[in-house]
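Shown next, in structure tokens, is the structure this report addresses.
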Amino acid sequence: METWDTIRSRRNVRVFEDRPVGAADLERILEAARRTPSASNRQRWDFVVVTDREALQRLAGVWRGAGHVAGSAATIALIAPMADDPHVRESIHYDLGQATMSIMLAAADAGIGSGHAAVESQTLARQILGFPEDRFCAWLIALGYPADRPLRPVRTPDRRAWDEVVHRERW
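If you read the sequence shown in this note's numbering, its first letter stands for residue 784, the second for the next number, and so on.
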């Protein structure tokens with residue numbers, strides 16, 4: 784898919800077909816995450832990919848809005864170090880946002896849908912994923928083939944009007 788078509792095709796998918804994501808596609812998505820730019824190239828992240836159905840069902844319990852994780856073909860957990868300093872914490876979250884978009888665009892490029900979820904229960908996430916105590920699970924990105932319709936460019940996205948969003952030189 785062309786980059787512009789990939790950007791226009793990506794949408795949140797929360798209902799997936801019951802079929803696995805191919806190993807090569809999953810590796811490419813993870814490589815996109817690994818290659819994401821980060822502040823001072825610190826790469827303060829780790830990615831835990833989960834494909835086991837029982838683990839995905841349990842992982843869906845980390846937040847009330849994560850139910851779609853249970854039906855995904857794979858879910859990538861974004862793990863990062865805890866930080867007391869607010870500037871460091873903001874930098875980590877910015878980098879995680881970039882990694883999230885890299886994951887979602889690489890998935891869309893392969894026709895794979897994605898849907899993000901927050902993580903409320905760090906205890907449950909840590910039990911399932913096994914990450915160290917000095918880290919937290921920031922986000923889950925569920926992946927799979929959309930059950931409703933394939934990804935294709937959205938002609939009229941549900942977005943605020945251009946003139947309402949874009950400001951030139953000053954607000």
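For each residue, glycine too, the CB sits at the ideal point set by N, CA and C. If you're wondering where the values come from, they're calculated on a predicted model, not measured in any experiment.
Rounded to whole angstroms, what is the Cα-Cα separation between residue i and residue j?
{"i": "Ala849", "j": "Val798", "result": "12 Å"}
{"i": "Pro864", "j": "Asp917", "result": "6 Å"}
{"i": "Met887", "j": "Ala921", "result": "16 Å"}
{"i": "Leu912", "j": "Leu879", "result": "18 Å"}
{"i": "Ala806", "j": "Arg938", "result": "31 Å"}
{"i": "Ala843", "j": "Arg836", "result": "11 Å"}
{"i": "Glu952", "j": "Arg943", "result": "20 Å"}
{"i": "Val948", "j": "Arg909", "result": "39 Å"}
{"i": "His899", "j": "Ser821", "result": "20 Å"}
{"i": "Val796", "j": "Trp787", "result": "19 Å"}
{"i": "Trp945", "j": "Arg825", "result": "35 Å"}
{"i": "Arg847", "j": "Ala838", "result": "16 Å"}
Suppose the cutoff is 8 Å on Cβ atoms and the five residues either side in sequence are ignored; what does the same chain contact list for residue i look like?
{"i": "Arg811", "result": "Ala889, Ala893"}
{"i": "Tyr928", "result": "Phe799, Glu800, Arg802, Val804, Ala856, Gly894, Ile895, Gly896"}
{"i": "Gln954", "result": "Rather than Gln, the amino acid found at residue 954 in this sequence is Trp. Excluding residues within five positions, none has a Cβ falling inside 8 Å."}
I'd like to know whether the C-beta atoms of residue i and residue j end up nearer to each other than 8 Å.
{"i": "Trp828", "j": "Ala901", "result": "no"}
{"i": "Ser792", "j": "Val845", "result": "no"}
{"i": "Phe830", "j": "Ala816", "result": "yes"}
With distances taken Cα to Cα, identify the nearest neighbour of residue i among the options.
{"i": "Leu813", "options": "His851, Ile859, Glu947, Trp787", "result": "Ile859"}
{"i": "Glu785", "options": "Leu907, Arg841, Arg943, Arg935", "result": "Arg935"}
{"i": "Ser773", "options": "Tyr877, Leu912, Gly898", "result": "Any answer about residue 773 is impossible in this case: the structure gives the chain only from 784 up to 954."}
{"i": "Asp808", "options": "Thr819, Leu926, Met884, Ala908", "result": "Leu926"}
{"i": "Ala853", "options": "Ile924, Ser821, Ser874, Phe919", "result": "Ile924"}
{"i": "Gln840", "options": "Leu907, Ala944, Pro915", "result": "Leu907"}
{"i": "Arg794", "options": "Asp941, Asp946, Phe914", "result": "Asp941"}
{"i": "Ile862", "options": "Ser821, Arg847, Pro915, Ala838", "result": "Pro915"}
Let me confirm a value: residue i is counted as buried when at least 16 other C-beta atoms fall within 10 Å, else exposed. Which label applies?
{"i": "Thr789", "result": "buried"}
{"i": "Asp868", "result": "exposed"}
{"i": "His851", "result": "buried"}
{"i": "Val978", "result": "Any property of residue 978 remains undetermined from this structure, which presents the chain solely from 784 to 954."}
{"i": "His950", "result": "exposed"}
{"i": "Ala930", "result": "exposed"}
Apart from the five residues just before and just after residue i, which ones in its own chain have a Cβ nearer than 6 Å to its Cβ?
{"i": "Ser885", "result": "Ala815, Ala816, Thr819"}
{"i": "Thr919", "result": "Reading the sequence as shown, one finds Phe at residue 919 and not Thr. Contacts found: Met865, Gln905."}
{"i": "Ala891", "result": "Thr789, Ser792, Arg793, Leu934"}
To which residues of the same chain is residue i closer than 7 Å at the C-beta, ignoring the five residues directly before and after it?
{"i": "Ala866", "result": "Arg872, Ile875"}
{"i": "Pro933", "result": "Gly894"}
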